[in-house]
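Peer 1:
There are 2 protein chains.
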Amino acid sequence: MVEGSRTPRVRGSRSVRPIMAVLDLLGRRWMLRILWELRDGPLPFRALRDRCDAVSPSVLNTRLREMRGAALLELHADAGYALTREGEALLSALQPLHAWARRWAASDAGRVAALSAPRPGAAAGAASRPRGARRPRRSP
Amino acid sequence: MVEGSRTPRVRGSRSVRPIMAVLDLLGRRWMLRILWELRDGPLPFRALRDRCDAVSPSVLNTRLREMRGAALLELHADAGYALTREGEALLSALQPLHAWARRWAASDAGRVAALSAPRPGAAAGAASRPRGARRPRRSP
DNA sequence: CGCTATCGCTACGGAATTGGTAGCGCAAGA
DNA sequence: TCTTGCGCTACCAATTCCGTAGCGATAGCG
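Residue numbers (this note's numbering), protein chains in the order written: chain A, 1 to 140; chain B, 141 to 280.
1. Can you tell me which residues form a DSSP beta bridge with residue 80/A?
2. With which residues is residue 183/B paired in a DSSP beta bridge?
3. What are the boundary residues of the alpha helix (DSSP H) that includes residue 167/B?
4. On a CA-only basis, which of 193/B, 232/B, 221/B and 190/B is nearest residue 205/B? Give me that one, please.
5. When burial is assigned at 16 or more other CB atoms within 10 Å of the CB, is residue 142/B buried or exposed?
6. Since residue 74/A meets chain B, which of its residues come closer than 9 Å, beta carbon to beta carbon?
7. Would you call residue 164/B buried or exposed, if buried means 16 or more other Cβ atoms sit within 10 Å of its Cβ?
8. In the region 18-33 of chain A, which residues sit with their C-beta less than 8 Å from some C-beta in chain B, listed in chain order?
9. I need the straight-line Cα distance from residue 178/B to residue 188/B, nearest angstrom please.
10. Taking only three categories from DSSP, how would you classify residue 59/A?
11. Just to confirm the assignment, what range does the alpha helix (DSSP H) spanning residue 106/A have?
12. Among 172/B, 183/B and 212/B, which has the Cα closest to the Cα of residue 26/A?
13. Counting only C-beta atoms, is residue 148/A closer than 7 Å to chain B at any point?
14. When you compare only the Cα positions, how much space is there between residue 78/A and residue 85/A?
15. Helix or strand or just coil, what does DSSP make of residue 50/A?
16. Can you pull the chain B neighbours of residue 102/A, defined as C-beta to C-beta under 8 Å?
17. So with CB distances below 9 Å, who are the chain A contacts of residue 239/B?
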């Protein structure tokens with residue numbers, strides 16, 4: 001390990017590369033979505049919330065705070081949350097992704113494929129596939 | 141609500157737009173990172189795991205399965221996991237992001253900003269900021 | 001053959017994050 | 001004053017993630 005039993009996700013540690021930070025930042029739930037929903041202009045808190053399948057205000061606020069901290073967006077008293085220059089740049093950088101998405105969806109692969117979502121027991125093995133290990137439960 | 145008390149994340153529902161699906165898919169933890177780590181060529185399970193700050197094999201396998209379902213990568217018996225044509229295309233679409241990340245990191249904003257990570261009580265308000273509501277504890 | 005080394009992958013159990021719901025304090029309008 | 005809407009928060013249940021240990025199979029070695 002690098003500095004303990006638990007790696008600090010991204011921040012500098014072994015990878016000073018900024019791309020890692022961005023990958024981690026955008027990898028948080030709703031982050032990309034929020035950015036995307038703000039593409040047509042500023043949106044007040046609740047409107048933004050509605051567009052994001054009614055995310056919890058808790059999470060939304062957390063993401064919003066993180067994004068403000070990253071200077072991706074700001075809160076304008078009269079218009080709501082709006083992307084900053086940086087934020088818009090990032091959104092632009094995401095355009096190719098949009099293009100790719102269309103072609104991907106058009107192919108067989110993109111149908112509904114793996115999008116099924118990680119609903120029930122997505123994390124651990126959890127799959128109903130009694131094949132590999134068995135774990136006879138031993139005492140530590 | 142649209143079709144119940146809980147919206148089904150992405151899939152079709154109100155937004156048939158493929159971009160939504162992609163945004164949701166890539167928004168899952170480690171998804172972007174895995175894609176990125178595979179940029180230099182195929183990587184076997186454990187090597188890939190090491191590059192991703194030693195993610196849990198559980199999660200890694202889940203993500204890998206999702207990506208295979210989405211035809212983004214395949215498992216070659218001799219080389220390990222490798223991006224498919226689609227996967228490489230997606231990676232290419234992510235290039236602008238890389239470019240943006242560099243400039244972003246160079247600015248003050250990208251310093252360490254909001255990257256602080258969502259470690260302790262990141263979700264809910266949780267912040268030690270007793271200002272807004274108070275919640276006097278009522279009976280439901 | 002027996003031993004060691006890897007590989008892909010899985011089963012827990014506990015920790016961390018996310019989702020839901022109710023509501024506060026504030027400001028503008030009726 | 002009453003009402004409405006806004007940003008934002010607390011609390012708690014539900015998911016998801018992490019950490020660790022190990023299975024079944026395969027390959028090299030003596």
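A virtual CB, placed ideally from N, CA and C, is assigned to each residue, including glycine.
Peer 2: This is what the structure holds:
1. 76/A
2. 221/B
3. It is not in any alpha helix (DSSP H) - residue 167/B carries neither H nor E in the DSSP assignment.
4. 221/B
5. Any reading at residue 142/B is ruled out, since the residue's pLDDT is 31, under 50, leaving its predicted position unreliable.
6. Within chain B, no residue comes near residue 74/A; the closest Cβ sits about 11 Å away, beyond 9 Å.
7. buried
8. 18, 19, 20, 21, 22, 23, 24, 25, 26, 27, 28, 29, 30, 31, 32 and 33
9. 8 Å
10. helix
11. 95-106
12. 172/B
13. This structure cannot speak to residue 148/A, because chain A is shown only from 1 to 140.
14. 18 Å
15. helix
16. 158 and 159
17. 93
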